[in-house]
Each structure stands twice: as structure tokens, then as C-alpha cells.
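Below is one structure, written out as C-alpha cells; comments come after it.
Chains as they are written, first to last, in the numbering used here: chain A, 1 to 116; chain B, 1001 to 1110.
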């Protein structure tokens, strides 16, 4: 298995532009999570899906952020319009069991977003 | 408010010695605790975990200790190796999601 695949690896965009981050989870994993890593706040959960259905989006910062999972093998995180404070590394992770038990998540390599 | 706290931003240890990484939490309902390791330009990778009903779990050079009364857990790495240099995240399971600490940078000097 190729693991969790994220694209792009790096994204530099101008303030006000739309940004779309993509994720392909591990086949068979029912849970998909989007996290954001910043120096100040560490890893923050933005949203997670179970069987393609959004379960908890309480971590999404504001209406500028949206996430979709149209099928079991693909998810997007969109920021529109982007702002400099959105600059961070965005991670996608997938899991068989959610956060329970000893399995944890498998993370992708992340997308480093820079908004100038 | 941060439910999982790693109060030491960084730690430096000599090769061969013990590394001790600490983590405190506030939510007594957490049922599993996990440690992840992260190298630059990579995603975090699962390292070791412990159930809230246990107080110790060991896997090779890595041991996690849980003190529920103090709401504290620690990761011991013995002996430390230069390849252990990374960011270590403590995480706690809250239902179906994991809550992470801010991370501790470990540097193992050779």
C-alpha cells in the first residue's frame, strides 16, 4: 500500500486566492482526518469523516474552510479566500478504527501552505 | 484550552543515555494515549500507545508510563540513538478522534 497520499507537497499562493488540498486515504480505512500544524498550536484537528460523511467539523476555523469527501478514496480541503494566517502544514490521516485502540492514524506527508 | 500539554519544547540528550519526554492531560475521560514521532518533511508516525487501564507499556527501547492520578504520561527511550532525533507528539483518544500536544523536539547528540 502506498500509504496516505497528499497533494501538492508545497503550495504558495497569494492572499485572496482559492486553495485546494487533496488527500487519498489508505484503501479500506473508514475514517479520514484533516489536521493543521502550526508552531503555536501544534496539531489541530479540523474535521473528520466516517464512511465519507463529515462527523465533526468543530475544528474548522471559519467559513472560509470547507472539506468534502465525494468517495472513499478522495477528500479535499478548500480555503477560499486564503489569508496569510492560514500558512501552515496541513496533514491528512486515515484509520480503520478512528482514534480508538492501539492503532492510531496513518498520516500523509503533509502539504506546506504559504499564503503571501 | 489545551487538553494535552507538552511543556518542554525541546530536549537534548547524549547518545546512549535515557531520553524522557513528558506529557500532561486534563480530560479524565481519555481512554488511550499514544506517542507519534515526526521527522522533517514527513507526516507523524505511530510509535507506541497505552490503554488508560494500564500503567506501563514497553516496546523494545521505548516504554510509556501512565500515572492516571497525576494525569501524566511519559515516554522513555533507552538507549537513545542519533536516529531518534525528531519531534515527538503525545496524543490522547477522545472518542473517535485524537487530541495532540504541541510536540517536543528531541536531539540526540553523538
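Virtual Cβ for every residue (Gly too), placed ideally from N, Cα, C.
Exposure of residue i, with buried meaning 16 or more beta-carbon neighbours within 10 Å
i	result
residue 41 of chain A	exposed
residue 114 of chain A	exposed
residue 1026 of chain B	exposed
residue 35 of chain A	buried
residue 16 of chain A	exposed
residue 31 of chain A	buried
residue 1053 of chain B	exposed
residue 86 of chain A	buried
residue 19 of chain A	buried
C-beta contact flag for residue i and residue j at 8 Å
i	j	result
residue 1000 of chain B	residue 1105 of chain B	Outside the shown range of chain B, which is 1001 to 1110, sits residue 1000 of chain B, and nothing can be said about it.
residue 12 of chain A	residue 26 of chain A	no
residue 1062 of chain B	residue 1047 of chain B	yes
residue 107 of chain A	residue 1044 of chain B	yes
residue 116 of chain A	residue 81 of chain A	no
residue 1102 of chain B	residue 1003 of chain B	no
residue 104 of chain A	residue 1049 of chain B	yes
Assumed close pair residue i, residue j - CB separation to whole angstroms, cut-off 8 Å
i	j	result
residue 37 of chain A	residue 43 of chain A	5 Å
residue 1016 of chain B	residue 1085 of chain B	Actually they do not touch by this definition, with Cβ atoms about 14 Å apart.
residue 1099 of chain B	residue 1082 of chain B	Actually they do not touch by this definition, with Cβ atoms about 30 Å apart.
residue 47 of chain A	residue 39 of chain A	Wrong, their Cβ atoms sit about 22 Å apart, outside the cutoff.
Within chain D, the residues that residue i reaches when beta carbons sit closer than 8 Å
i	result
residue 1103 of chain B	Considering every chain present, this structure includes no chain D. Its protein chains are A and B.
Okay, do the region 1075-1093 of chain B and the region 1024-1040 of chain B touch, 3+ Cβ pairs below 8 Å being the bar? yes
When you compare the region 85-92 of chain A with the region 1009-1024 of chain B, are there three or more beta-carbon pairs, one atom per stretch, that lie closer than 8 Å? no
Whole beta strand (DSSP E) elements within the region 1027-1087 of chain B, 3-residue minimum: 1032-1038, 1045-1051, 1056-1059, 1062-1067, 1072-1077
Ignoring anything shorter than 3 residues, give me the beta strand (DSSP E) runs that lie fully in the region 2-32 of chain A, in order along the chain. 5-7, 10-13, 19-24
The region 1009-1016 of chain B contacting the region 71-84 of chain A, beta-carbon criterion three pairs below 8 Å: As far as the Cβ criterion goes, the region 1009-1016 of chain B does not touch the region 71-84 of chain A, which means the pair count is below three.
For a minimum of 3 consecutive residues, which ranges assigned as the beta strand (DSSP E) are wholly contained in the region 56-89 of chain A? 65-71, 74-79
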